[in-house]
Amino acid sequence: MPTLTIDGKPVEVEKGTSILEAAQKLGVYIPRYCYHPKLSVSGNCRMCLVEVEKAPKLLTACSTEAAEGMVVRTVSDKVKAARRDVLEYLLINHPLDCPICDQAGECGLQNYYMDYSLAKSRFKNEDKVRRQKRRALGPHLVLDNERCILCTRCVRFCAEVTKTAELEVMGRGDHSHIDMKEGKALDNGYSLNIADICPVGAWTSRDFRFKQRVWFLKKTPTICLGCATGCLIEAHHNENTIYRTVPLPNPETNTWLCDHGRLAYKAVQGGDRLVKGVIKNGLIDFEPALREVAARIDEARGAGAVAVLGSPWLSIEDNAALARLAKDALKTENYCFDFASEQGIKDGILINKDPSPNANGLRLVKDAHGGISQAELSSRIAAGQIKVVLAEARAAGLIKDALKAAGTRLIVFAANKGEIPAATYATLPYASYFETPGTFVNYQGLRRRTTPPAEAPEGVKPLWAVVNKLAAYSGSSLRLDSAEDALKGIDLK
Amino acid sequence: MENILLKDNVAEIEAYFAAGGYKPLKKALGLKPAEVIEEVKKSNLRGRGGAGFPCGLKWSFIPKDAEGPRYLVCNADEGEPGTFKDRELILKNPHALIEGMAIAGYAIGAGHGYIYIRGEFAEETELLQRSISAARAKGFLGKNILGSGFNFEIFTHRGAGAYICGEETALLESLEGFKGQPRLKPPFPAIKGLFGSPTVINNVETLAAVPAIIANGGDWYAAIGNGKSAGTKLFCVSGPVNKPGVFELPLGVSFRELLEKSCGGLKPGKILKAVIPGGSSTPVLTADEAMAVKLDYESLAAAGSMLGSGAVIVIDESQCMVKLLQVLAHFYHHESCGQCTPCREGCGWIERIMNRFEEGRADRKDIDTLYSVADGMLGRTICPLADAMAMPVMSFIKKFRAEFEAHADGKTCAKK
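Residue numbers (numbering that gives the first Met the number 0), protein chains in the order written: chain A, 0 to 492; chain B, 0 to 415.
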């Protein structure tokens, strides 16, 4: 374990640690463009040059291994001059189109210029190097090669993380540019990470472009519910609108985020969002829809012909509320919180075999409230014993064959019109987990709670609250005043 | 003294053999590899490609206990402007290179040697391939060489025209089939080189000197030359001299002697202005500095320049230093691989400033800008290409500032 001194402070690090990482351990920040902790070291940007005693030249902190007794200086005059020079070189051919660049406000060139340069431009009368601008590459990205500083993070990401290697630096010298390899398309399922790791405005997200200045964005850490992996994310939003989600790198679960999960937020604020009830195919206000649902349930409950189905797409709170509705209000045995789930990363990166985010949380609800198996429920439906099934929209898909055969009335909770199964009798809207807190357990058994970055559309309530009201129509009180109330009796371990 | 490298009438294997060729290989194969390395260390032979690193020491860096293959690579990608010695050496004495490679291969435990040769050298490649076939036919290459149990094959690989591929790690990338861009060091090629295996990369001239060293002993070679700069060196002289060309002379020979004796002096009416002593990337010397300097590693370093590849570019008073630097700037701008920021952006910036000087659009402030742009590149990149651009810029301005000022003030060149 070598011990070295950085800016006068001693630090002991594992063998093989770079100077940059050793400095990080001390809280000393060394500026960098090409270095990324999860990509191979390239050493091309030369921004992280530091002075090492006895070394004749400045050394790149990213690629130089910390050694016993090394004396490193990160803020000497020589280092400061080198940083100023690198920034000057990077900026001479940069288009300086910050006013129309989405990266402005979170740009490596802007930030480092303020921190390490503030020099006046000496580049005059000369034509800048011109490169291709605004080129759409793949379904999610736009490339502006004039803004590019050729750090090659994008090239290495595609080569090392997705292993699809679509990108390459073509050309030589100052006409080098990022381009696609022949016969490839930039649609590897993780392509939007490229916009994240691009330190400048060369790669921008087609989804986010021109939607919002980044300095207006508020940032709320939450979790992605795109699959059982349960990545930590940060939602960027302003005035009740989410503009993008980005990964919140953490050692447990994720550095990156898949495109599917990243764009999942769009479902809750697109035109497809359900803000009213639906009876057959007609939209009606929430209250009359709820009354209609309650009436249909009342009809069937006397004969014990109502069933409630939990869902791995719902939070523990909302599932528990459904369980309480079945047990304590409808007083039926026909409820099921039993789902088979095969979990594990299926693509070697992040995407899980289980597309639902909460199969493990559902198990906790089943442990607390019991219920019948899915096979048993299906067979009771198929046998015609069930007249009304209450379910979350996507979970209803799991028993759709049984439903079709039996002609059972299906009542679902849905956040989006697109989720509603065909031949649904009635649909009630509920607040998504971008709008209400919910607890989920990912494939690793990590229990995490969403933090809502936005409010639900007017009149749309959390599912537990809808259930609470439904119970009241059936003459029972579940006493659910908050999401936490629903958690009573559940052993969260 | 007699030439060690540049010999006449030894290009064919029979003539080479008759002159004592391939006897050193036999001798080397009778020694232990470590003994061969020891002999080369004793000779003080240093890298002739430009950096001057001790050859025997380089060979000894190959890890003794490394598993898997080891490689020997001959850098014949002669690209430094002003340099044309390796070409001459290959044409005149190809078997010295082949024999040198076989000995080096034996010393470092390599089974394969690659000659990475400049793409333009088509005729030379053909000659080398013919010579390699001839050597194989005689049992100097191939399996069980001279009954020693040592196997060694040599392959030629033509470059595709990039100057940067003369940098040893860019050369390895190119040889592996990738884009020629220098690698980060460490790891050095001796640990992780060609195809990830321990590799020694030597210049043509370095390897071609090895047979004579084995034949006559390291001490014999070390006695030639000037102290730590041992042996002979090929000097490529270009410019307005009566007899330009390649000359083999002991290291430490004075520039005056090279100019006056070997090259027959300057052409009539020409007055010496400056000399670039070691290829276009080395700092320029004024006439006075040049006439006082000895041509060896230490003496040229003391004079503020470098021996480099031994390409001596003679510049006379009729030449415009600003125009000359513009030509160099164009070359380095064109050849920068584009990997490191300072080189990629700086070389282009320098060329554009030089264009302004030549077009009468520069002012005196541009001289300082030019100097500081070069200064910002120096020593801050993965490979020395940025230095190769920066060193001439800085030395031209330091030593010939008046010419830059004249361009800035008069907006034109007085030489035109």
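Beta carbons are placed, not taken as given, at the ideal position from N, Cα and C, and that holds for glycine.
Applying the 10 Å Cβ sphere with the 16-neighbour rule, what's the burial state of residue i?
i, result
"A:L491", "exposed"
"A:F439", "buried"
"A:A382", "exposed"
"B:D102", "Here residue 102 of chain B turns out to be Ile, not Asp, going by the sequence shown. Result: buried."
"A:Q131", "exposed"
"B:N241", "exposed"
"A:E457", "exposed"
"B:D287", "exposed"
"B:S132", "exposed"
"A:F215", "exposed"
"B:M0", "exposed"
"B:E247", "buried"
Would you identify the three-state DSSP class for residue i, choosing helix, strand or coil?
i, result
"A:M0", "coil"
"B:C262", "coil"
"A:G276", "strand"
"A:V128", "coil"
"A:A266", "helix"
"A:H368", "helix"
"A:Y32", "coil"
"B:N150", "coil"
"A:L231", "strand"
"A:W312", "coil"
"A:S481", "coil"
"B:T198", "strand"
"A:N237", "strand"
"A:D178", "strand"
"B:P93", "helix"
"A:K399", "helix"
"B:D295", "coil"
"A:V517", "Any answer about residue 517 of chain A is impossible in this case: the structure gives chain A only from 0 up to 492."
"A:A470", "helix"
"A:R83", "helix"
"B:H156", "strand"
"A:V74", "coil"
Can you round the beta-carbon distance between residue i and residue j to whole angstroms, since I take them to be within the 8 Å contact cut?
i, j, result
"B:F151", "B:G112", "7 Å"
"A:T522", "A:V27", "Examination of residue 522 of chain A is not possible in this model, given that chain A is present from 0 through 492 alone."
"B:L250", "B:L299", "About 10 Å separates the two Cβ atoms, so there is no contact after all."
"B:I61", "B:V274", "Not confirmed; about 37 Å, so no contact."
"A:T16", "A:G42", "Not quite, the Cβ-Cβ distance comes to about 16 Å (not below 8 Å), so this is no contact."
"A:E233", "A:K218", "5 Å"
"B:V283", "B:I349", "Not really, about 15 Å apart at Cβ, beyond 8 Å."
"B:E172", "B:R182", "7 Å"
"A:T199", "A:R146", "Looking at the sequence itself, residue 199 of chain A is Val, so the reference to Thr does not match. So it is a contact: roughly 5 Å between Cβ atoms."
"B:V313", "B:P239", "6 Å"
"A:L140", "A:S204", "7 Å"
"B:A106", "B:I36", "5 Å"
- Message: Assess contact between the stretch 158 to 167 of chain A and the stretch 116 to 134 of chain A, defined as three or more Cβ pairs (one per stretch) separated by less than 8 Å. Is contact present?
- Response: no
- Would you call the stretch 241 to 257 of chain B and the stretch 318 to 334 of chain B touching, i.e. three or more CB-CB distances under 8 Å? no
- Message: Is it the case that the stretch 248 to 259 of chain A contacts the stretch 221 to 239 of chain A, given that we only count it when at least three CB pairs across the two stretches are under 8 Å?
- Response: yes
- Query: Listed from N- to C-terminal order along the chain, which residues in the stretch 367 to 387 of chain B have their beta-carbon within a distance smaller than 7 Å of any beta-carbon of chain A?
  - Reply: T368, G375, G378, R379, T380 and I381
- Chain-ordered residues of the stretch 47 to 72 of chain A with a beta carbon less than 7 Å from chain B: L48, K56, L57 and S62
- Touching by the beta-carbon criterion (3+ pairs, under 8 Å), the stretch 6 to 23 of chain B and the stretch 183 to 194 of chain B: no
- Which of the residues in the stretch 333 to 346 of chain B, read from start to end, lie with their CB under 9 Å from any CB of chain A? H333, E334, S335, C336, G337, Q338, C339, T340, P341, C342, R343, E344, G345 and C346
- Quick one, which residues of the stretch 167 to 185 of chain B are near chain A if we go by CB-CB under 7 Å, in chain order? L183
- Message: With three or more beta-carbon pairs closer than 8 Å as the criterion, would you say the stretch 280 to 289 of chain A touches the stretch 239 to 246 of chain A?
- Response: no
- Okay, do the stretch 263 to 282 of chain A and the stretch 413 to 424 of chain A touch, 3+ Cβ pairs below 8 Å being the bar? yes
- Message: Closer than 8 Å is the cut-off here; do at least three beta carbon pairs connect the stretch 69 to 76 of chain B with the stretch 217 to 232 of chain B?
- Response: no
- For the stretch 202 to 231 of chain B, which residues have a CB atom closer than 9 Å to at least one CB atom of chain A, in sequence order? none
- Query: the stretch 92 to 122 of chain A: which residues have C-beta closer than 9 Å to a C-beta of chain B, in chain order?
  - Reply: N92, R121 and F122
- Query: At a cut of 8 Å, does the stretch 383 to 392 of chain A reach the stretch 310 to 321 of chain A through at least three beta carbon pairs?
  - Reply: yes
- Task: Determine, using beta-carbon pairs with one atom in the stretch 313 to 332 of chain A and one in the stretch 460 to 472 of chain A, whether at least three such pairs fall under 8 Å.
- Result: yes
- Query: Taking a cut of 9 Å between CB atoms, which residues from the stretch 47 to 62 of chain B lie near chain A?
  - Reply: none
- Report yes or no: do the stretch 302 to 321 of chain B and the stretch 78 to 90 of chain B share at least 3 C-beta pairs separated by less than 8 Å? yes
- Using 8 Å as the threshold, is the stretch 20 to 28 of chain B in touch with the stretch 142 to 156 of chain B, meaning 3 or more CB pairs across them? yes
- For the stretch 373 to 388 of chain B and the stretch 81 to 98 of chain A, state whether three or more C-beta atom pairs, one from each stretch, are separated by less than 8 Å. yes
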